Structure formats: structure tokens, C-alpha cells
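The UniProt record's numbering puts the first residue of the sequence shown at 1, with every later residue one more than the last. Note that CB positions come from ideal geometry on N, CA and C, so glycine has one too. Just so we're clear, the structure is a prediction, and the values are computed from it rather than from any experiment. To start, the structure itself, in C-alpha cells.
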Amino acid sequence: MTSRFAQVMFTPDVQLHQERHGSRGAYARMADAAAPVRDRIGPDEAAFIAERDSFYLATVGMTGWPYIQHRGGPPGFLRVLDEHTLGFADFRGNRQYITRGNLDHDDRVSLFLMDYANRTRLKLIGRARVDESPEVLDRLAPPDYQAKVERALLIDVEAFDWNCRQHIPQLFPRDAVEQAIGTLRARIAELEQENARLRER
Ligand SMILES: Cc1cc2nc3c(=O)[nH]c(=O)nc-3n(C[C@H](O)[C@H](O)[C@H](O)COP(=O)(O)O)c2cc1C
């Protein structure tokens, strides 16, 4: 966990429960380790983000309710624009515009990125801006992807946190499974033919 993530997330309520359960000492050192400076997206985070084909995006409604929605696209559609900024093309969907509306009230967002195959997850928090300029939309729209881009969301990243892999089920993308099964099927066919030839003899 980065110091910045701890500084933002360890509110007095959270600290109270850390104290009750005996983890406050170690976590206090983490949060106090540095002055409040926002995290930089490094090579490990950039490589992980570049492989993702989806993530979960949380916003806060004007009544205070948290809202989570899925965002998906071709791998790498969530782009690292610089060490503090992420961006992606937001596609037309069910036209409820909950995420879009929530951002008018509160620009704070939380992104949850999962890699089920490698049982790894990355959480990022930041502030989102909407950009509808043609240059930015052109830059972020994935080429040859069947979706209508309505806007770009640019996220000024405040902090991030990698989590441990405990309790993450290991799941593989359908394409990867089909490829592995295809290889096995081809091998089975080969062996069946060989077996038939041997029986004939
Ligand atoms: C035709 C269509 C229908 C959709 N219906 C739903 C739905 O019922 N529930 C849902 O969670 N997402 C649905 N989606 C996906 C969302 O519309 C999409 O993720 C959108 O960006 C959500 O915006 P929001 O963040 O304002 O919820 C649908 C997408 C399309 C194209």
C-alpha cells in the first residue's frame, strides 16, 4: 500500500477499527511515512493497465450512495496518458448516465482492475474530468471497435493499491481456454488416428 493511499483511506472511523483490532501501529507508520504527495503510475501499474479489457468504476451520487458500473473494451482501452493521468473513451450504453451525472456532483472515482487469470487486482482512486473534444476522443477511441464513443473520461490519479491474491478465484478468458482446448483436441485427433492405424495392424 502506498502512503498516499493510506492517508486518503484511513479516516478517523477506519483508524478506530484498526486500533480495536491491533493493526493501527503498523498502518499509522505507513500513512505517516511521507507528506501528502499523489502517487505516480509506474511501469508495473502501466503494464497491468495496458492488459485489461475491463474494470469497475465507482462514483458517488448526490445523495451519497456509492455506485459501481462496469467498463469494457479491447485490451488497453484504459490508457496511461502520463504518470498521473488515465483516460478512456466512454461508450454509449443504456443511456441512464448515472456515472456521468454523479461526476457533476463529485469528481472522485475509484477504479477496480481485476486480472482473474493471474489472481491480481489493482485499485486506483482519483478525480475524473469529462472531455468531449474531437482530438481527445480521436486519441482514446479504440480503432475498429464496435461502439459509439460519447465522451472521454480523464482521471487524475491520486493513489493506488495492489492487493494480495487471497480469495481471488482463478478464472481464464474464454479465448485462452478455447485455444488450450483446441491444442488438446488436435492432439487427441492425432492419437486417435495413430490408434486406429495400430489396431488395423
Ligand atoms: C443496449 C444496452 C443496454 C444496456 N443495459 C444495461 C443494463 O440494463 N444494466 C447495466 O448495468 N448495464 C447495461 N448496459 C451497459 C451500460 O449501459 C454501460 O456500461 C454504460 O456505460 C453504463 O453507464 P452508467 O455508468 O451511467 O451506468 C447496456 C448497454 C447497452 C448498449
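Residue of the options minimising C-alpha distance to residue i
i      : options                      : result
Ser133 : Leu111, Arg187, Val149       : Val149
Gln166 : Leu16, Thr59, Arg121         : Arg121
Arg108 : Ala180, Glu83, Gly61         : Gly61
Asp161 : Leu184, Trp65, Pro12, Asp39  : Asp39
Ala117 : Gln170, Glu200, Val14        : Gln170
Thr99  : Gln69, Asn195, Arg24         : Gln69
Asn94  : Arg71, His105, Leu103, Ser23 : Arg71
Cβ-heavy atom distance, residue i to ligand 1, below 7 Å
i      : result
Gln193 : no
Gly61  : no
Phe91  : yes
Gln69  : yes
Glu98  : Looking at the sequence provided, one finds Ile at residue 98 rather than Glu. Yes, since a heavy atom of ligand 1 falls inside the 7 Å radius drawn around the Cβ of Ile98.
Asn163 : no
Other residues of its chain near residue i: CB distance less than 6 Å, five sequence neighbours each side excluded
i      : result
Arg129 : Leu154
Leu113 : Arg52, Phe55, Leu122
Val136 : Ala152
Asn163 : Arg121
Phe77  : Phe88, Pro142
Residue i - partner residues in DSSP beta bridges
i      : result
Asp131 : Ala152
Ser110 : Ala58, Ile125
Pro12  : Looking at the DSSP assignment, Pro12 forms no beta bridge with any residue, so it has no partner.
Whole-number beta carbon distance between residue j and residue i, since they are thought to touch under 8 Å
i     : j      : result
Val80 : Ile49  : 6 Å
Glu83 : Ile125 : Not a contact, Cβ separation roughly 16 Å.
Leu86 : Val157 : 6 Å
Tyr27 : Phe5   : At roughly 11 Å, the Cβ-Cβ gap does not stay under 8 Å, so Tyr27 and Phe5 are not in contact.
Gly73 : Tyr145 : 6 Å
Residues near residue i in its chain [Cβ-Cβ closer than 7 Å; skip 5 each side]
i     : result
Pro66 : Ala58, Val60
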